[in-house]
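Worksheet for the structure shown next.
In the UniProt record's numbering, the protein residues as written are 1 to 265.
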């Protein structure tokens, strides 16, 4: 039964990590029924989702590395690096300050609702501008900051925060904003996972892990994330993110109701 739960959590992570609906929020709520999982488990299934996106974008990543002589590639790569460095530096500052919200249903629910409204506003605002594909330096800076904000507030969604900040800051094209958000998320999430993994090993938290369950969850997360992201990239070519915003708001209201009734903590 424990391995069945690992599969379920791997599916949840794979679907929600890069869709703008908050993987952290969904996993925290799911664990209230399926049992709390270790930090190592959450790191491993997140790594599976990152691997899926790395596989999807491997040609683009290779082009940025091998085509560095092209000024456009150099500039784009530099903006990715700037966004990553801003996230890394501000993320370390936040960790040093010890600022962290409680991972309970009510703040997650409000983050889902507020994020849903934010997404609708961003879509409305972006639709009123020419569909520029350019990633400006301002977009890179704001995306870096948005990743930190999403990390501090469970339920915000890293992908949602970064995509819609990019759209509001001038990249009105959904596909261009999504690509930049996903590409900058790759080094960010690998670094965060490596940091937490080293910390877990150092603290001795890996000694009693169910490595079979971890392996199952990792594979499931990778496969499901690959399918989910492929579908999302196809979907946004001709559709807005409105359906995800509505889903967030409905889920947030349901969670508030369940928290008020004592069904979840």
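No residue lacks a Cβ here, since even glycine has one placed at the ideal position from N, Cα and C.
{"Asked": "For residue 263, three-class secondary structure by DSSP", "Found": "coil"}
{"Asked": "Between the CA atoms of residue 27 and residue 12 - distance to the nearest angstrom", "Found": "7 Å"}
{"Asked": "Same chain, Cβ closer than 7 Å to residue 236, five either side skipped, listed in chain order", "Found": "174, 175, 178"}
{"Asked": "Straight-line Cα distance separating residue 131 from residue 171", "Found": "7 Å"}
{"Asked": "Residue 269 versus residue 244: straight-line alpha-carbon distance, rounded", "Found": "For the chain, the structure presents residues 1 to 265; residue 269 sits outside this window and is missing."}
{"Asked": "Residue 230 versus 17, 251, 165, residue with shortest Cα-Cα distance", "Found": "17"}
{"Asked": "Through-space distance from residue 81 to residue 117, alpha-carbon basis", "Found": "30 Å"}
{"Asked": "Every unbroken alpha helix (DSSP H) inside the segment 168-236 [4 residues or more]", "Found": "174-202, 211-235"}
{"Asked": "CB contact flag (residue 157, residue 71, <8 Å)", "Found": "no"}
{"Asked": "7 Å Cβ shell around residue 204 - same chain, five flanking residues per side excluded", "Found": "none"}
{"Asked": "Beta-carbon proximity check, residue 152 vs residue 94, cutoff 8 Å", "Found": "yes"}
{"Asked": "Straight-line Cα distance separating residue 135 from residue 148", "Found": "19 Å"}
{"Asked": "Same chain, Cβ closer than 8 Å to residue 8, five either side skipped, listed in chain order", "Found": "30, 34"}
{"Asked": "Terminal residues of the alpha helix (DSSP H) in which residue 110 lies", "Found": "105-127"}
{"Asked": "Residue 46 burial status per 10 Å Cβ neighbour count (16 or more: buried)", "Found": "buried"}
{"Asked": "Where residue 10 falls: helix, strand or coil (DSSP)", "Found": "helix"}
{"Asked": "First through last residue of the alpha helix (DSSP H) which encompasses residue 239", "Found": "Note, residue 239: premise wrong, no alpha helix (DSSP H); not H, not E."}
{"Asked": "Rounded C-alpha distance that separates residue 109 from residue 257", "Found": "10 Å"}
{"Asked": "Cβ pair residue 54, residue 186 closer than 8 Å", "Found": "yes"}
{"Asked": "Close beta carbons around residue 269, own chain, < 7 Å, minus the five adjacent residues each side", "Found": "Nothing in the structure corresponds to residue 269, since the chain is present only between 1 and 265."}
{"Asked": "Test item: CB-CB of residue 155 and residue 107 under 8 Å", "Found": "yes"}
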